Amino acid sequence: MSQVVIGMIGAGNMADALIKGLLGRHVLLPDAVWATNRSNRERLAALQARYSIRGTPTKPALLAASNVLILAVKPKDTLQLLAELEGTVRTDQLTISVIAGIPLAVLEAKLPGVPLIRAMPNTSAAVLASATALTAGLHATDEHVRTATRIFDAVGDTVLVPEEVLDVVTGLSGSGPAYVYRLIEAMIHGGTELGLTGDLARRLAVQTLIGAARMLAESREDPGELRRRVTSPGGTTMAALGVLEDRGFALAVRDAISRAAERAREMAREFGGRDGQDAKR
Ligand SMILES: NC(=O)c1ccc[n+]([C@@H]2O[C@H](COP(=O)([O-])OP(=O)(O)OC[C@H]3O[C@@H](n4cnc5c(N)ncnc54)[C@H](OP(=O)(O)O)[C@@H]3O)[C@@H](O)[C@H]2O)c1
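Count along the sequence shown starting at 1, add 311, and that's the number in this note's numbering.
Have a look at this one:
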């Protein structure tokens with residue numbers, strides 16, 4: 312990626328995670344990363360100092376220097392940002408939006424002819440372990456998708472999906488870390504109610520999660536198969552799983568993903584997109 316110069320528009324948590332991954336994994340040199348924000352000069356200066364990147368309080372220098380833009384503002388600030396960018400982004404500038412819930416159609420209407428990619432990372436980008444889905448806009452080429460994939464591979468694992476499934480992706484991996492945190496909270500609570508100290512319950516629960524995740528990632532076995540292997544007939548695990556299924560565990564998770572996806576569609580409609588998709592697709 313020696314030719315790539317990235318301009319981060321928005322210098323918050325997601326920009327920080329991406330910069331950390333890109334520099335930490337030597338995908339880019341600090342000189343090839345620009346960042347700007349709206350008004351918080353201290354936060355921009357801290358980001359600039361932490362990574363020795365180029366910070367600028369205004370957009371023109373960043374827009375002139377970058378061939379890849381990353382839009383990393385909150386959804387509520389998007390329309391204001393698009394108004395500022397209208398007519399200033401070049402059609403040779405790959406523009407990647409990590410903004411949750413803003414459909415490509417909305418971005419394409421304001422940035423006509425610009426190659427756009429929508430990305431849905433998750434909060435684990437901060438520890439370089441995001442599950443990220445990308446979806447390509449009308450003017451994005453395979454080369455643009457390869458560049459975006461390399462950027463997000465620096466903070467985890469990246470998949471390419473059509474925009475119509477991005478809401479489900481949001482429900483599964485975008486919001487997913489919170490479901491896992493909720494499960495771990497419940498395990499810690501259960502352990503402490505039954506006599507463990509909080510520290511011990513946390514330590515055991517977190518290591519159990521890490522171990523199970525590594526088994527899944529490294530063995531590539533079906534999770535059902537791994538579950539069956541630790542479930543001896545008549546044993547403790549079988550007794551526990553029986554309780555979870557009686558209480559509707561799998562159904563609750565399925566409905567949670569479905570509700571999050573529906574909420575993503577509602578949010579997209581609030582921004583004038585049609586169910587999160589471009590009507591032209
Ligand atoms: N955090 C995550 O793990 C995560 C995961 C998936 C998706 N996302 C998406 O990533 C986006 C950013 O999230 P975040 O957590 O990084 O938010 P954040 O920490 O609040 O950062 C938002 C940044 O946007 C800047 N900004 C707002 N309006 C601007 C404008 N008109 N021009 C330039 N900069 C502007 C803010 O500047 P000031 O501070 O000066 O106001 C701030 O630097 C969100 O849309 C979110 O949905 C985040």
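Cβ atoms here follow ideal geometry from the backbone N, Cα and C, with glycine treated the same way.
Since we're looking at a predicted model, the values are computed, not measured.
- Under the DSSP assignment, Gly-318 falls in the beta strand (DSSP E) whose first and last residues are 317-320.
- In the three-state DSSP reduction, Asp-533 falls in the coil class, being neither helix nor strand.
- Residue environment for Gly-487: buried (at least 16 other C-beta atoms within 10 angstroms of its C-beta).
- Cβ atoms of Leu-355 and Ala-346 come within 8 Å of each other, at about 7 Å.
- Using a cutoff of 8 Å, the CB of Glu-577 does not count as near ligand 1, since none of the ligand's heavy atoms is closer than that.
- For the pair of segments examined, the segment 427-443 was found to touch the segment 470-487: the number of CB pairs separated by less than 8 Å reaches three.
- Restricted to the segment 469-530, the alpha helix (DSSP H) segments that are unbroken, complete and at least 4 residues in length are 477-480, 487-504, 509-530, listed in chain order.
- Thr-446 is positioned such that its CB atom lies closer than 9 Å to that of Val-472.
- Within the segment 531-575, the runs of alpha helix (DSSP H) at least 4 residues long that lie entirely inside it are, in chain order, 534-540, 547-557.
- Contact between the segment 377-389 and the segment 314-334 is established, with three or more Cβ pairs separated by less than 8 Å.
- By the 16-neighbour rule on beta-carbons within 10 angstroms, Arg-457 is exposed.
- Rounded to the nearest angstrom, the Cβ distance from Leu-373 to Gln-404 is 11 Å, too far for a contact under 8 Å.
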